[in-house]
Structure formats: C-alpha cells, structure tokens
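Reviewing the structure listed below.
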Amino acid sequence: MKRTWNQHVVKQENKTLVLSTIIDRTPISRAHVAQLTGLNKGTVSSLVSELITEELVEESGPGKSSGGRRPVMLLFNGGSGHSVSIDLGVGYIRGVLTNLTGEIIVEHKVTTESNAFAVVYPTLLDLIKQLINKAPASRYGIIGIGVGVPAVVSHVGEILLAPNLDWKNINLKEKLAKAFNLPIYIENEANAGAYGEKRFGSKFVSEHMIYASIGMGIGIGMILDGNLYNGLKGFAGEIGHMTIVKDGRKCRCGNNGCWERYASEQALIQEGEIRGLIAQQSTDPLADLITLAKANDDKTIKLFEEIGTYIGIGLTNCINIFNPQHIVIGNQLLQVKDWLLPAIMGHIQSHTIGFHQQDLQLSFAKLGQYSTVKGMAAFTIEGFLLEAKNTNIQL
Ligand SMILES: [Zn+2]
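Oh and the sequence shown: position 81 is 81 in UniProt numbering, straight run, nothing missing.
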C-alpha cells in the first residue's frame, strides 16, 4: 500500500520525538520512551530499529529492572558525527571539534596579530581545516561549522557590524559555505554563550537568564521564557553600546559614553596603561594586571573595583528591564572575577529596585571560556538533526 503524505509526516514527527526523548534521557529503555512519548510500544520499537540502522542510537547493557527482566538501554550515539565550533574573538580564535553530544574532542586556540579580516580569515580557514583533519571517522562526518562572532549578525549569517574587529558587511556564512561545502551557522557570540550555558552549563540556569559576555566588548544573550531572544532581525542584546555617561569616552560604534568603554577588558587595559600600572607594549596586559592584583597592589585592586562598579551599573539596568532570575557573566573577565565580584554585587544591591532582587542569582559562566563554542556546537548539532528530519537520513 502506498503511504499517504500525512502518514509519512506523522511517522517523521514520531521518529523525531523518539530521538529527542533518547537524547534528553539517555540511557533509556524502549518501554520508558513509549511511556514518555505516549506512542505504543510497537511503534517505538520499529522507529528505534531505524534509528539504530542509521547509527544515531545504540544499545547498551541492561539497565535497572522494575521487577521483571532487566531492559536493554538505548543511548544516543554521539560519535556518529562531529561539529566544528569556533569562538572568533578580538585577538584570538578558539576552535573545537565536538561529537553530537557537544563533548569536546579536539581544541585549538590561536592568537591573531591583527584584527584585519585579510589576516583573520586565512587563520580561521586554517584552524577549521586542522580540526576537520583530526575528526575520527564517523557515519555522518563533519555535520556543520558554527562560528560565534562579537558582531551584529543578520538572520542570513552576514556580519553587519563588528566594532571591536572593525568589520562591516562581511558575508562570512557565504564565504565559509563556498570554502567547505558544509552547513554553516554564524551567530553573535553572546547569544551563543547564553545558549551554551543553557544547554551544557549549570543545571540551575533558569528560564529567565541574562548572559553577559564581558571581553574586549560587551554583549548580552537573553534566555527569556526559556528561549533565546533575538529580536526582530537578530540584533537584540547590543547593550554594550547603551549610553551610561553623557558625552563620555568615544566608542568604535560611533557614539560616546557606551557601557563597554567603561566596563570591558578593553576599558580595564586602557585605564591600566593610562595609570601607569602596565606597559603599553605588554603582550599580555590582562595577565600583568592579574599579577599585580595577586601581589595586593592597591592601585590595581582599585581599578578592578571601578570596572566592577561599571559592570554593576549596566547589569542593574538589565535587571530592571528584564527581571531575570539568573545573571551569568562570561568571556575574558571571568579570569579576574574574584576582584570584580564585590563591586558588582555592591552596586546591584544598592541600586536595583528592591523587588527585582528577590530570587535573583548572579554567577560566572559554568563553562568558563567555552560558553560560546559549546553554544555554537548546540546550534550546529540541532541544525543537523532538524535537517536530517527533512532530507538525508529521513528521520
Ligand atoms: Zn559603542
């Protein structure tokens, strides 16, 4: 009998449901999948057989019994494909190869001498090629490449503006798709960081979370009502450029007095240089400041407190706007969190409207420097599974 289109669609939907249940609950028995999905056991068994043939699911030894024979457990087969995920920062590129569960298998980090696209792009291509070459053999090979960038990114993966890299209107997605002939995902690095923390970070990340990426610039990624919030065209979260000082310091975005000119790694280093704490030619100025702070240098500790207060000012605005349950701080300034935290908390506690503080938690990224690459891995893997549903492996 020829199947109708509707039956086909229902089967695909059921198969996706079975796979996502196995991914979320791995290891899980067939009976438990049936119970959770509401599908009958025969349907689950037949769909699981197809998923095993497609190498997305595998069986493992018996699990716990609730009385009778111990059931065979089903596992998501994370090794059937790999993603390449990149955190393209200011002055560095971090790249990782992950399996389909997001586990990092290989990592490379390079520093970039210049932010010019003509310098960064060949370095990026080289890094991606190295990661691809190190991927173990697998059924689906490299399933995609995800790149997080500190930029305003359009829905079609074009970098519209990256003030701290001084890039404008670069269609990175198109360029990488031509170079590698693979699915390419380009996303703002703070959005990727927020998603990475939600998917792979703290179990306690709530449905109302603001992820503040504080590196050379500042961006925020928002999980609102459980979903990543992008705004109308994907540009939400450019809060590093909100004005906090009228006629203040000049910013690369063209405005004056932007938050990131007072509260970022860039602000910290510039003030450190102006105050004579570190040399202008230093190759690693942040490390130099950390050394000074560890030696209890008063002026350096005071500078950290000032930066912390400015971080607190911006976060207080975010708290008053979004009423989050959880604020997570990530990116480069994680390294100096111990010196920043008292000033950040001091400002928030004394300036946030009281009832906004109820149930509010502030913490630093659980994934450390890996929030963005893990988020890009999640986007790439989810894109592959969604695409798989529609085309090549007919989920
Ligand atoms: Zn600005």
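The beta-carbon is built from N, C-alpha and C at its ideal position, and this holds for glycine as well.
Q | Local Cβ density within 10 Å of K374, reported as buried at 16 or more and exposed below that | A | buried
Q | Residue range of the alpha helix (DSSP H) that includes W167 | A | W167 -> not in any alpha helix (DSSP H); beta strand (DSSP E) instead, spanning 167-170.
(Q) If distances are taken between C-alpha atoms only, which option among F235, E271, F364, Q266 comes closest to V90? (A) Q266
Q: Could you pull the start and end residues of the alpha helix (DSSP H) that D338 belongs to?
A: 337-351
Q. G78: which of A137, L39, L36 sits nearest, CA to CA?
A. A137
(Q) Can you check which of these residues, G42, I23, N6, is closest to R199 by C-alpha distance? (A) I23
Q: Indicate the three-state DSSP secondary structure (helix, strand or coil) for M376 in the structure shown.
A: helix
(Q) At 4 residues or longer, what runs of the alpha helix (DSSP H) sit wholly inside the region 67-139? (A) 117-133
Q) In terms of alpha-carbon separation, which member of G61, N227, Q281 lies closest to V72? A) G61
Q | Inter-residue spacing [alpha-carbon to alpha-carbon] between G148 and L88 | A | 6 Å
(Q) With the cut-off set at 9 Å, would you say I210 and H326 are in Cβ contact? (A) yes
(Q) Going by DSSP in three states, A236 sits in which element: helix, strand or coil? (A) coil
Q) Just to confirm, does R199 get its C-beta within under 8 Å of one of the non-hydrogen atoms of ligand 1? A) no
Q: Grab me the residues of I319's own chain with a C-beta within less than 6 Å of its C-beta, minus the 5 sequence neighbours each way, in chain order.
A: T352, H356
Q) Comparing the CB of P163 with every heavy atom of ligand 1, is any distance shorter than 8 Å? A) yes
Q: May I have the straight-line CA-CA distance separating L395 from C258, to the nearest angstrom?
A: At L395, the pLDDT of 43 sits below 50, so the modelled position is not reliable; the number obtained from the coordinates is stated separately. Cα to Cα, L395 sits roughly 48 Å from C258.
(Q) Less than 6 Å between C-beta atoms, sequence neighbours within five positions excluded: which residues of the same chain meet that for F364? (A) I329, L334, K337
Q) Taking the Cβ atom as the reference point for each residue, do E260 and V152 lie within a distance shorter than 9 Å? A) no
**Q.** Neighbourhood of G383 by C-beta, 7 Å cutoff - its chain only, sequence neighbours within 5 removed
**A.** G144, P183, Y185
(Q) Which residue wins for smallest C-alpha separation from G95, given the options G68, F76, I132, L340? (A) I132
Q. With a CB to CB cut of under 8 Å and the five nearest residues on each side skipped, what residues in its chain are close to D225?
A. E207, H208
Q. Looking at C-beta atoms only, is the number of pairs between the region 108-118 and the region 165-172 that lie closer than 8 Å three or more?
A. yes
Q.
According to DSSP, is T16 part of a helix, a strand, or is it coil?
A. helix
Q: Mind checking who I212 pairs with in its DSSP beta bridge?
A: Going by the sequence as given, residue 212 is Ala instead of Ile. BP columns for A212 point to I220, I329.
Q. Where I142 and N191 are concerned, what is the direct C-alpha to C-alpha distance, given to the nearest angstrom?
A. 23 Å
**Q.** Beta-carbon spacing of L268, I244 below 9 Å
**A.** no
Q | Chain-order list of residues whose beta-carbon lies under 8 Å from that of K41 (same chain, five-residue window excluded) | A | R30, A31, A34
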